[in-house]
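Per the working numbering, the sequence shown runs over residues 2 to 307.
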Amino acid sequence: MSTQGALAGRIALVAGATRGAGRAMAVELGAAGATVYATGRTTRESVSEVGRATETIEETAELITAAGGTGIAVPTDHLEPERVRALVERIDREQGRLDVLVNDVWGGEALIEFGKKSWETNLAGGLRMLRLGVETHLITSYYALPLLIRHPGGLVVEVTDGNEEFNKTYRENLFYDLAKNAPIRTAFGLAEELKEFDGTAVSVSPGFLRSEQMLDHFGVTEENWRDAVEGEPHFAIAESPYFVGRAVAALAADPDRARWNGKSVFSGELAKVYGFTDRDGSRPDVLGYFRDVVFGGKAGTAADYR
């Protein structure tokens with residue numbers, strides 16, 4: 002399906018749109034014609050605890066507009082209820098509606114301590130992870146959902162790492178495991194609450210994401226990312242952030258999106274249904290690759306799942 006122009010007149014809020022999947026989702030919603038409010042803590046004047054000044058919400062808003070939508074950057078710390086309240090009040094004042102809410106706030110990568118028992122990790126860091134990855138989503142939904150349900154057909158996307166099936170495997174850090182499973186359960190609960198308003202809540206995960214941070218971690222760029230496969234073979238299944246961006250745009254444009262209500266899905270699963278591809282024309286299936294080859298021992302390579 003093509004999403005071009007499908008979201009004209011629709012209003013979206015992407016909470017956590019500074020970089021990575023959040024930025025790409027905001028841009029792809031804009032490419033489908035939506036007006037997108039892009040929020041985050043890093044601006045051209047200030048940098049969040051993530052410590053990356055190279056990506057800002059102003060740049061995200063410009064990319065949304067360049068893609069064909071209307072991008073509006075609003076600096077917001079989603080752990081501050083009054084800031085979130087003010088954000089939603091502004092959307093209501095300027096647009097009078099909200100059709101799509103994407104909860105993508107995170108920023109806890111530097112806090113993860115793999116290889117340690119829960120009682121050996123830094124407690125403050127673990128609790129901060131839960132605040133960043135769970136509390137922010139709950140605060141944002143609390144203030145945004147009354148506006149979203151004002152018109153039937155609203156969509157809530159809870160962004161996380163892995164779907165329900167994938168996350169049956171312990172994520173090797175208790176706080177991280179909780180932070181990434183919570184959005185799945187949140188989407189499940191919101192699905193029940195939104196039914197009477199013809200609303201849909203879905204948990205969506207990218208696969209092995211070639212975010213700006215991941216590319217920097219491997220010392221590569223989007224142009225030569227395959228150079229990292231020698232050191233990390235599973236990186237061969239990696240997808241650009243725009244793959245999950247197109248997944249969210251396809252969901253938002255689907256009049257039958259309620260079929261996904263309460264479910265948790267990878268971008269690759271949605272690609273099989275909606276027919277979109279990544280920017281390079283491939284359709285990476287990270288769930289199939291890890292289920293069959295990595296965990297299942299089946300003969301095959303990442304190329305077989307692209």
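Ideal placement from N, C-alpha and C gives every residue a C-beta, glycine not left out.
- Annotated three-state conformation of Tyr-275 is helix, per DSSP.
- In this structure, Met-26 keeps its C-beta atom at 9 Å or more from the C-beta atom of Val-106.
- Lys-181 counts as buried, since at least 16 other C-beta atoms from the protein chains shown sit within 10 angstroms of its C-beta.
- For the region 10–97, the continuous beta strand (DSSP E) assignments of 3+ residues that do not extend past its boundaries occur at 12–16, 36–41, 71–76, in sequence order.
- Distances from the alpha-carbon of Asn-225 to those of Glu-233, Leu-216, Gly-163 put Leu-216 closest.
- Taking C-beta separations shorter than 6 Å and ignoring five residues to either side along the sequence, the partners of Leu-64 in its chain run Val-28, following chain order.
- Nearest C-alpha to Thr-36 among His-138, Gly-69, Leu-271, Thr-278: Gly-69.
- The continuous stretches of alpha helix (DSSP H) do not include Val-230, and DSSP gives it neither H nor E.
- By the criterion of at least three beta-carbon pairs nearer than 8 Å, the region 192–209 is in contact with the region 153–167.
- The secondary-structure analysis by DSSP pairs Glu-240 across a beta bridge with Leu-210.
- In the DSSP annotation of this structure, the continuous segment of the alpha helix (DSSP H) that includes Leu-191 starts and ends at 175–195.
- Classified as buried, Thr-137 has 16 or more neighbouring CB atoms from the shown chains inside 10 Å of its CB.
- Per DSSP, the unbroken beta strand (DSSP E) holding Ser-265 starts and ends at 265–267.
- For Leu-146, the uninterrupted alpha helix (DSSP H) segment begins and ends at 137–149.
- Around the C-beta of Glu-270, 16 or more other C-beta atoms lie within 10 Å, and the residue is accordingly described as buried.
- Counted as a single uninterrupted DSSP element, the beta strand (DSSP E) harbouring Val-158 occupies residues 156–160.
- Pairing Gly-10 with Ala-16 gives a Cβ-Cβ distance that is not under 9 Å.
- DSSP places Ser-119 within a helical segment (H, G or I) once states are collapsed to three.
- According to the DSSP assignment, Val-295 belongs to no beta strand (DSSP E), since it is labelled neither H nor E.
- If you check the CB distance, Ile-58 and Ala-32 do not come in under 9 Å.
- Residue environment analysis places Thr-170 among the exposed positions, since fewer than 16 neighbouring C-beta atoms fall within 10 angstroms of its C-beta.
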